[in-house]
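Numbers given in the numbering used here equal positions in the sequence shown, counted from 1, plus 152. Idealized CB from N, CA, C, for every residue including glycine.
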Amino acid sequence: MSENMDRIIEKKRWTRKRIITLAAVGALAVFIIFVVANSWGSSKLNVDAERMIIGTVKRANFREYIPVTGVVQPLTTIYLDLLEGGRVEEILAEDGAMMTHGQPILRLSNTDLELSLVNQETNVYNLLMQMQIAQNNARQNTIMQMNQTVDAESQLIDAERRYEADKKLYASGIVSTEDYNESENRYLYLKEKRRLSQEVMKQDSIASAQQMEQIRQSYRGAQNALELMRRKVADLTVRAPIDGQLTALDAEIGQRKNNGERIGQIDVLSGFKVRVDVDEHYISRIYAGLEGQYKLGDSIYTLIIKKVYTQVSSGRFAVDMVFAGRAPENIRRGQTLQIRIALSDETEALLIPRGGFYQQTGGNWIFKLTHDGNKAYRNNIRIGRQNPDFYEVLDGLQEGDKVVVNSYENYGDVQELIIK
Numbered sequence: 153m154s155e156n157m158d159r160i161i162e163k164k165r166w167t168r169k170r171i172i173t174l175a176a177v178g179a180l181a182v183f184i185i186f187v188v189a190n191s192w193g194s195s196k197l198n199v200d201a202e203r204m205i206i207g208t209v210k211r212a213n214f215r216e217y218i219p220v221t222g223v224v225q226p227l228t229t230i231y232l233d234l235l236e237g238g239r240v241e242e243i244l245a246e247d248g249a250m251m252t253h254g255q256p257i258l259r260l261s262n263t264d265l266e267l268s269l270v271n272q273e274t275n276v277y278n279l280l281m282q283m284q285i286a287q288n289n290a291r292q293n294t295i296m297q298m299n300q301t302v303d304a305e306s307q308l309i310d311a312e313r314r315y316e317a318d319k320k321l322y323a324s325g326i327v328s329t330e331d332y333n334e335s336e337n338r339y340l341y342l343k344e345k346r347r348l349s350q351e352v353m354k355q356d357s358i359a360s361a362q363q364m365e366q367i368r369q370s371y372r373g374a375q376n377a378l379e380l381m382r383r384k385v386a387d388l389t390v391r392a393p394i395d396g397q398l399t400a401l402d403a404e405i406g407q408r409k410n411n412g413e414r415i416g417q418i419d420v421l422s423g424f425k426v427r428v429d430v431d432e433h434y435i436s437r438i439y440a441g442l443e444g445q446y447k448l449g450d451s452i453y454t455l456i457i458k459k460v461y462t463q464v465s466s467g468r469f470a471v472d473m474v475f476a477g478r479a480p481e482n483i484r485r486g487q488t489l490q491i492r493i494a495l496s497d498e499t500e501a502l503l504i505p506r507g508g509f510y511q512q513t514g515g516n517w518i519f520k521l522t523h524d525g526n527k528a529y530r531n532n533i534r535i536g537r538q539n540p541d542f543y544e545v546l547d548g549l550q551e552g553d554k555v556v557v558n559s560y561e562n563y564g565d566v567q568e569l570i571i572k
């Protein structure tokens, strides 16, 4: 019995705990090897073919263009800005009505302006009366001066006749020296008096003419001011400046409107333009004369950029485009059009369809399929121009190659795709 108790019991080498530990270590080693292999070598990824988008490299005509959205507007718009402010008394046309040139739209009242007109009319009337009085005074003064001149002339004639007679008689000794001298002095006096009378009449005539001219100038100035005031009062009735459609009318009875305030616009419907917003990224490449295309059903319409507004707002700038040739039928103001603006001429190029791969690769590489289509490998490429449909391939691919163009977001850094 003692022999049995002294026998050494051997321990088991492969315990359950030890087996589990070794298995965990082995799994960890396999995982590490897998990770290292992926980081060092050509990692692979199985991909479902139904979740891939395959594009074919082709050679075709290519044009660089950008898609933009435009809004149809009248070719010409005349804004209605008030020349005179006032209170809206009467609205004579409805918004959207077709107007003819000169047709009244609304009527304002302005008491101060109307009172100024009355005062100016009174001023013109007073100047007119002043001018008439001055003309009458000048006429009477002229008549008086002429009468005085005639009297002086008549007296001079008598004095000259007597002087000539006394001169002869004095030479004969019949008339005394005193009488001769008296006759001579009277003749010379009346002769000077006539000269002075003529000079006075001449100066009065010049002064009267100057006075009348000043009054006439004042009267003409007052008349011009009156005409201007009448036009200002007439502007209280707002009229259509051109034939067209009245739109955006902003006025209510009793509303106070200020001088220069915009109350609406007249749209000339003889033609249309399209106002387009463009991303500021293209501002250096957009200029007048560029063409764009608008597709409606089976028809394609060409538009041309006529004006570029270089002011940038919220990252965009505006351009005006007009239809080259005929415009679509039944086009309406405010209608939205999808337009493609061409940034280059049409040339032949090697193309691949646009796709999400560009966001991950920057256009520097792409997955290219093998000939059997079962695998795809990374392939370096160089991309040039682009439009919303295609990328232009400058290097790295040939016509007929098939490439994966969908997003590579879930592919990680794999080098090879196994297509299932």
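### Message
Rounding to the nearest angstrom, what Cα-Cα distance links LEU265 and VAL352 in this structure?
### Response
48 Å
#### Entry: Rounded straight-line distance, which links the Cα of TYR543 to that of ALA476
29 Å
### Task
Pull up the CB-CB distance for ILE570 and LYS527, whole angstroms please, since I reckon it's below 8 Å.
Confirmed, about 6 Å.
### Query
Can the beta-carbon of ALA392 be found less than 9 Å from the beta-carbon of GLY254?
yes
### Message
Mapping the DSSP letters down to three states, classify LEU495 as helix, strand or coil.
### Response
coil
### According to DSSP, residues forming a beta bridge with THR513
THR513 pairs with nothing; no bridge assigned.
### Task
Can you tell me the Cβ-Cβ gap for ARG338 and ALA311, rounded? I've got them flagged as a contact below 8 Å.
5 Å
#### Entry: Reference LYS554; option with closest CA among ARG530, GLY536, ARG537
For the options ARG530, GLY536, ARG537, the alpha carbon positioned closest to that of LYS554 is the one of ARG530.
### Query
Apart from the five residues just before and just after SER436, which ones in its own chain have a Cβ nearer than 6 Å to its Cβ?
none
#### Entry: Three-state secondary structure assigned by DSSP to THR294
helix
### Query
In chain order, what residues of the same chain have a beta carbon less than 6 Å from the beta carbon of LEU279, not counting five sequence neighbours either side?
SER370, TYR371, ALA374
### Query
Taking the alpha-carbon positions, what's the ALA601 to ARG506 distance?
Nothing about residue 601 can be read from this structure; the chain reaches only from 153 to 572.
### Query
Three-state secondary structure (DSSP) at MET204?
coil
### Task
Within the segment 312-396, note down every full beta strand (DSSP E) run reaching 3 residues or more, in order along the chain.
389-391
### Task
Look at the alpha carbon of LEU421 and the alpha carbon of GLN397, and state the distance between them as a whole number of angstroms.
7 Å
### Query
In this structure, what does DSSP give as the bridge partners for GLY444?
LEU455, ILE493
### Message
Can you give me the C-alpha to C-alpha distance between GLU561 and THR513, rounded to a whole angstrom?
### Response
Distance between the alpha carbons of GLU561 and THR513: 10 Å.
### Query
Do we get a CB-CB distance below 9 Å when we pair GLY237 with the residues of chain B?
Absent from the structure: chain B. Only one protein chain is present.
### Task
Can you grab the Cα-Cα spacing for the pair SER559 / ILE452, in whole Å?
32 Å
### Query
Would you say the segment 395-413 touches the segment 192-206, given that touching needs at least three Cβ pairs under 8 Å?
no
### Task
Please confirm if the segment 210-228 is in contact with the segment 470-488, defined as three or more CB-CB distances below 8 Å between the two stretches.
yes
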